[in-house]
Amino acid sequence: MSSNGLVIAVPKGRIAEELAPILRKVDIQPEKAFFDENSRQLQFRCDNSDISLIRVRSFDIATFVAFGAAQIGICGLDVLMEFNYADLYAPLNLDIGHCRLSLAEPEDFDIRQDLSLISHLRVATKYPNITQQYFAKAGIQAECIKLNGAMELAPKLGLANHIVDLVSSGRTLKANGLREVEVIANISSRLIVNRAAFKTRSHEINDLIERFREAVGAS
Ligand code: PRP
Numbered sequence: 056m057s058s059n060g061l062v063i064a065v066p067k068g069r070i071a072e073e074l075a076p077i078l079r080k081v082d083i084q085p086e087k088a089f090f091d092e093n094s095r096q097l098q099f100r101c102d103n104s105d106i107s108l109i110r111v112r113s114f115d116i117a118t119f120v121a122f123g124a125a126q127i128g129i130c131g132l133d134v135l136m137e138f139n140y141a142d143l144y145a146p147l148n149l150d151i152g153h154c155r156l157s158l159a160e161p162e163d164f165d166i167r168q169d170l171s172l173i174s175h176l177r178v179a180t181k182y183p184n185i186t187q188q189y190f191a192k193a194g195i196q197a198e199c200i201k202l203n204g205a206m207e208l209a210p211k212l213g214l215a216n217h218i219v220d221l222v223s224s225g226r227t228l229k230a231n232g233l234r235e236v237e238v239i240a241n242i243s244s245r246l247i248v249n250r251a252a253f254k255t256r257s258h259e260i261n262d263l264i265e266r267f268r269e270a271v272g273a274s
């Protein structure tokens, strides 16, 4: 692995599939192991350049890039909003990974009706910062129970009446007797860059940003 080639952090999971054709258009050709679902490898060299890819959880991408462990990353707007790192620059919307970050509640609830009566609320979420800010605007103090997955179980089991989570098809909410109350943010994936690296390696990084821009047809 080249010690000074650019490192790009790419997410595991759903986005990986949508990202593959973009990487091809950008002419990033990762080694074979990158496409092997059974591989435990986490860093992958590229066959045609000294760029390497690291594959990490989508929630960790912003952290890897903000601290300079990777210079570039592909990151959901949800993660960018939650961490709000000053050291990140997000020059490009990749127009993939579309979903929404929403407030949801059990079908027999109606928070909107009772909003004026509520001063304190318990919410299960992976996004405590976004959630607290969202409710603070309505003058409500949200007590967040931080979970890393399966948020939809929380209302059923009495952990919290409300959840803030990503919604795509809405099937998970429906299957768990929940309904979407309000969209907090529309989400898509962004190309993110470490600001310090952007200054010191502007030529390489700008070149890559332009290649991504062309690949997604953005102007
Ligand atoms: C996400 C999200 C919801 C689900 C929504 O979880 O946290 O649980 O997808 O999708 P839907 O509206 O199409 O049902 P994901 O499957 O990515 O796994 P996670 O719980 O590990 O985040």
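Under this note's numbering, residues 56 to 274 are what the sequence shown spells out, in order.
Think of the CB as a built atom: it goes at the ideal place given N, C-alpha and C, for glycine as much as any other residue.
Which residues DSSP lists as bridging residue i, in chain order
i    : result
S107 : V62 and R100
S4   : What is shown of the chain runs 56 to 274, which leaves residue 4 out entirely.
G185 : The residue asked about is misnamed: residue 185 is Ile in this sequence, not Gly. Paired residues: none, contrary to the question.
E177 : A small correction: the amino acid at residue 177 is Arg; Glu does not occupy that position in the sequence shown. For R177, which the question treats as bridged, DSSP gives the partners E198.
CB-CB length for residue i against residue j, believed under 8 Å
i    : j    : result
I247 : L135 : 7 Å
I185 : V238 : No, I185 and V238 are not in contact; Cβ-Cβ is about 12 Å, not under 8 Å.
I151 : S244 : 5 Å
A179 : A209 : 4 Å
D216 : F164 : The sequence as given places Asn at residue 216; Asp does not occur at that position. Indeed they touch by this definition, with Cβ atoms about 6 Å apart.
N103 : Q84  : 5 Å
V111 : A71  : Going by Cβ atoms, the distance from V111 to A71 rounds to 11 Å, so no, they are not a contact pair.
Q188 : S174 : Not quite, the Cβ-Cβ distance comes to about 17 Å (not below 8 Å), so this is no contact.
Buried/exposed call for residue i, threshold 16 Cβ in 10 Å
i    : result
V62  : buried
G123 : exposed
L78  : buried
S257 : exposed
K181 : buried
E91  : Reading the sequence as shown, one finds Asp at residue 91 and not Glu. Answer is exposed; the Cβ neighbour count stays below 16.
N249 : buried
D133 : buried
L221 : buried
S107 : buried
E207 : buried
Q126 : buried
A251 : exposed
G194 : exposed
G68  : exposed
E281 : Any property of residue 281 remains undetermined from this structure, which presents the chain solely from 56 to 274.
L74  : buried
E198 : exposed
E137 : buried
Nearest candidate by alpha-carbon position, reference residue i, set the options
i    : options                   : result
Y140 : N103, I195, A121 and R95  : A121
S224 : R234, L97 and V81         : R234
T118 : P66, A197, E73 and R226   : P66
G272 : R69, V81 and A240         : V81
N261 : D102, A75, P146 and F114  : P146
G213 : L176, I264, A191 and Q188 : L176
G204 : F114, G194, R266 and L97  : F114
E269 : G128, L149, R112 and E162 : L149
N241 : I106, P85 and H153        : H153
L263 : Y189, I129, E162 and I173 : I129
K211 : E198, L228, Q196 and K201 : L228
K254 : R112, L143 and N93        : L143
K201 : A191, K192, P183 and Y189 : P183
I166 : L97, Y189, K192 and V236  : V236
C101 : S94, E86 and N93          : E86
Can you give, in chain order, each stretch of the beta strand (DSSP E) that sits fully within the region 76-159 and has at least 3 residues?
-> 98-100, 107-111, 127-131 and 143-148
At what residue ranges does the region 193-269 contain a whole run of the alpha helix (DSSP H), taking only runs of 4 or more?
-> 208-211, 226-230 and 250-255
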